[in-house]
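Remarks on the structure that follows.
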Amino acid sequence: KRIVILISGRGSNMEAIVDACAAEGWPASVAAVISNRPDAKGLQFAAARGIATDVVDHKQHATREAFDAELARVIDRHTPDLVVLAGFMRILTPGFVEHYAQRMVNIHPSLLPAFTGLHTHRRAIEQGCKIAGATVHYVTAELDHGPIIVQAAVPVLPDDTEDSLSKRVLAREHQIYPRAVRWIVEDALDLRDGVVVHRRGEP
Ligand code: GRF
């Protein structure tokens, strides 16, 4: 299986997936890492691992449609079976999402369906949530929706700041995202009535 990972910045989830893929010998390889920002830190890590890197700069495209068309062209050069959004901070057009239907996943730093959108940790603290977390899900046209593959929960502690909570959640993201991608490349998942089920029983 061929995996293409899209990033916009740090790329720590991308690193976790690249490392797990190599260390655990998945029936897959990361064919390319693509960023919409030329200065994304994660590009250096990918290049150092000998992975092809590309930049499709949204600022060089007049419309979302033009950007998404170019992005799809660059992604498809790598003939991916799976497109992994890992801190990719662009809203995608319905046409783009449709093109990768059931072969594109995202990680979102909240326990969906709570807190779609931005500033999830700040909002969880403001709302007095006692539990926060992260969700890996298939991407559908509606932002931060789509069938849930795996979630991880962490406690929100009394003295938490946005920063301390995001670090606690991120550590769990690095565990669940590789696990979810592994399930997909090993063909372990199925969609039944829009819900993810494990073909060979729950793990
Ligand atoms: C993660 O918290 C992810 O959930 C969110 O953006 C952040 C990306 O971090 N979508 P990184 O680029 O993977 O380090």
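Heads up: the sequence shown begins at 2 in UniProt numbering, then just goes up one per residue. The beta carbon of each residue, even a glycine, is placed where N, CA and C say it ideally should be.
Contact check, Asp82 vs Lys2 under 8 Å by CB: the rounded distance? Taking the sequence shown and counting its residues from 1, one reaches residue 82 at position 81. Taking the sequence shown and counting its residues from 1, one reaches residue 2 at position 1. About 4 Å; that satisfies the 8 Å criterion.
Report all residues from its chain with a CB closer than 7 Å to the CB of Ile8; omit the five preceding and five following residues, and keep chain order. The residue given as residue 8 occupies position 7 in the sequence shown. For Ile8, where only same-chain residues beyond five positions count, the Cβ hits under 7 Å are Met15, Val34, Ser36, Ala41, Gly43, Ala87, Gly88, Phe89.
Go through its chain and collect everything with a Cβ distance to Pro28's Cβ below 8 Å, but skip five positions before and after it. Position 27 of the sequence shown, counted from the start, is the residue given in the question as residue 28. So the list reads Lys2, Val186, Glu187, once near-sequence residues are dropped.
Presumed contact (8 Å Cβ cut-off) between Pro204 and Ala17, rounded CB distance: Your numbering for residue 204 matches position 203 in the sequence shown. Your numbering for residue 17 matches position 16 in the sequence shown. Actually they do not touch by this definition, with Cβ atoms about 18 Å apart.
Comparing the CB of Val170 with every heavy atom of the ligand GRF, is any distance shorter than 8 Å? As a working note, residue 170 is residue 169 in the sequence shown. At least one heavy atom of the ligand GRF is nearer than 8 Å to the Cβ of Val170, so yes.
Within 10 angstroms of the Cβ of His199, are there 16 or more other Cβ atoms? Answer buried if so, exposed if not. The sequence position of residue 199 within the sequence shown is 198, counting from 1. It is exposed - the Cβ of His199 has fewer than 16 other Cβ atoms within 10 Å.
Just reading off the alpha helix (DSSP H) that Met15 is part of, what are its end residues? The count along the sequence shown starts at 1 and reaches residue 15 at position 14. First-last of the alpha helix (DSSP H) with Met15: 13-25.
Assigned exposure category for Leu192 - 16 Cβ within 10 Å defines buried: In the sequence shown, counting from the first residue as 1, residue 192 sits at position 191. Exposed, because fewer than 16 other Cβ atoms sit within 10 Å of the Cβ of Leu192.
If you count every other CB in all the chains shown that lies within 10 Å of the CB of Thr64, and 16 or more means buried, which is it? In the sequence shown, the residue the question calls residue 64 occupies position 63. So Thr64 counts as exposed.
Tell me whether Val196 is buried or exposed, calling it buried when 16 or more other Cβ atoms sit within 10 Å of its Cβ. Your numbering for residue 196 matches position 195 in the sequence shown. The residue is exposed, with fewer than 16 neighbouring Cβ atoms inside 10 Å.
Taking 8 Å as the cut-off, is the CB of His109 close to at least one heavy atom of the ligand GRF? Your numbering for residue 109 matches position 108 in the sequence shown. Under cutoff, so the answer is yes.
My understanding is that Gly134 touches Val155, with C-beta atoms under 8 Å, so please give their C-beta distance in whole angstroms. As a working mapping, residue 134 is identified with position 133 in the sequence shown. As a working mapping, residue 155 is identified with position 154 in the sequence shown. The Cβ separation is near 6 Å, so the contact holds.
So Tyr139 is in the beta strand (DSSP E); what residue range does that whole segment cover? The count along the sequence shown starts at 1 and reaches residue 139 at position 138. Tyr139 -> beta strand (DSSP E) spans 132-139.
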